[in-house]
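Every number in our numbering is 23 more than the matching position in the sequence shown, counting from 1. For every residue, glycine included, the Cβ atom is placed at its ideal position computed from N, Cα and C. These numbers come from a predicted model, not from an experiment. Each remark here refers to the structure printed beneath this line.
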Amino acid sequence: MSRIKAKPITAEAFAPFGELLTPRGAPSKMINAGRCERHHALATVERGGGEAIISIFRSEPVSLPYDCALLERHPLGSQAFVPLGTDPWLSIVAPDEGGRPGAPIAFLVPAGMGVNLRAGVWHGVLTPLDRPADFLVVDREGEGVNLEEVEIAPVTVEA
24 MSRIKAKPIT AEAFAPFGEL LTPRGAPSKM INAGRCERHH ALATVERGGG EAIISIFRSE
84 PVSLPYDCAL LERHPLGSQA FVPLGTDPWL SIVAPDEGGR PGAPIAFLVP AGMGVNLRAG
144 VWHGVLTPLD RPADFLVVDR EGEGVNLEEV EIAPVTVEA
């Protein structure tokens, strides 16, 4: 079984897989009579001909070390995860290698930060750490097969 270290997430390290959903250093503009910062268009919802939908996912937690043995991807649309709680969580992604997932990479995502996975990005299942958590999810619904799951040789993710 291979082992990988979960590393802190950065926009640059995550860029091959998608965007971080967190405020920028400065707002795009001020709205609501100057009382609200707008951090505009942090990511794009890829719909592949379907509709963009908003859901809440409630997930059981894991603790580190964690054995990841399942990756999935959504070839027709992006998928954004925004935690509704105050805890950090884990995002596991992998590059595509000829239609199969390559070596997984694990990111520790701080509380309050979301991610938007581009269409076709291999990723692990929703993985809150230590406590159950709710996530606001924006993804695609519509015609076509938009879920591929692959069992992989387990990879142990460590802190």
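Where residue i falls: helix, strand or coil (DSSP)
i: phenylalanine 80; result: strand
i: alanine 36; result: helix
i: serine 25; result: strand
i: leucine 93; result: strand
i: glycine 48; result: coil
i: threonine 150; result: strand
i: methionine 136; result: coil
i: threonine 109; result: coil
i: proline 118; result: coil
i: glycine 165; result: coil
Same chain, Cβ closer than 7 Å to residue i, neighbours up to 5 away in sequence not counted
i: alanine 126; result: Ala117
i: cysteine 91; result: Ile115, Pro127, Gly147, Pro177, Val178, Val180
i: arginine 81; result: Pro155, Asp157
i: serine 78; result: Val160
i: glutamate 171; result: Glu95, Arg96, Pro98
From the options, residue whose alpha carbon lies closest to that of residue i
i: glycine 71; options: Glu83, Glu174, Ile128, Glu164; result: Glu164
i: asparagine 169; options: Arg58, His63, Ala129, Glu74; result: Glu74
i: glycine 122; options: Ile79, Pro133, Ile128, Gly143; result: Gly143
i: alanine 66; options: Pro31, Ala129, Ile175, Gly137; result: Gly137
i: isoleucine 27; options: Pro50, Pro84, Leu113; result: Leu113
i: proline 84; options: Ile76, Asp110, Ala64, Val68; result: Asp110
i: alanine 36; options: Ala129, Glu120, Glu69; result: Ala129
i: alanine 64; options: Pro50, Ile76, Gly57, Ala56; result: Pro50
Nearest-angstrom beta carbon gap, residue j and residue i [assumed within contact, 8 Å]
i: leucine 131; j: alanine 29; result: 5 Å
i: alanine 134; j: proline 106; result: 7 Å
i: leucine 140; j: phenylalanine 40; result: 6 Å
i: leucine 44; j: alanine 34; result: No, leucine 44 and alanine 34 are not in contact; Cβ-Cβ is about 11 Å, not under 8 Å.
Contacts around residue i, its chain only, beta-carbon distance under 6 Å, and the 5 residues preceding and following it disregarded
i: lysine 52; result: Arg61
i: serine 25; result: Val178
i: phenylalanine 31; result: Residue identity check: residue 31 is proline in the sequence provided, not phenylalanine. These residues qualify, in order along the chain: Leu131.
i: arginine 47; result: His62
Any non-hydrogen atom of the ligand PLP within 6 Å of residue i CB
i: isoleucine 32; result: The ligand PLP is absent from the structure shown, which contains no ligands of any kind.
Same chain, Cβ closer than 8 Å to residue i, five either side skipped, listed in chain order
i: valine 173; result: Leu93, Leu94, Glu95, Arg123, Pro124, Trp145
i: serine 86; result: Leu152, Asp153
i: glycine 108; result: Ala134, Pro151, Arg154, Ala156, Asp157
Does the count of Cβ pairs from the region 101-118 and the region 153-173 closer than 8 Å reach three?
yes
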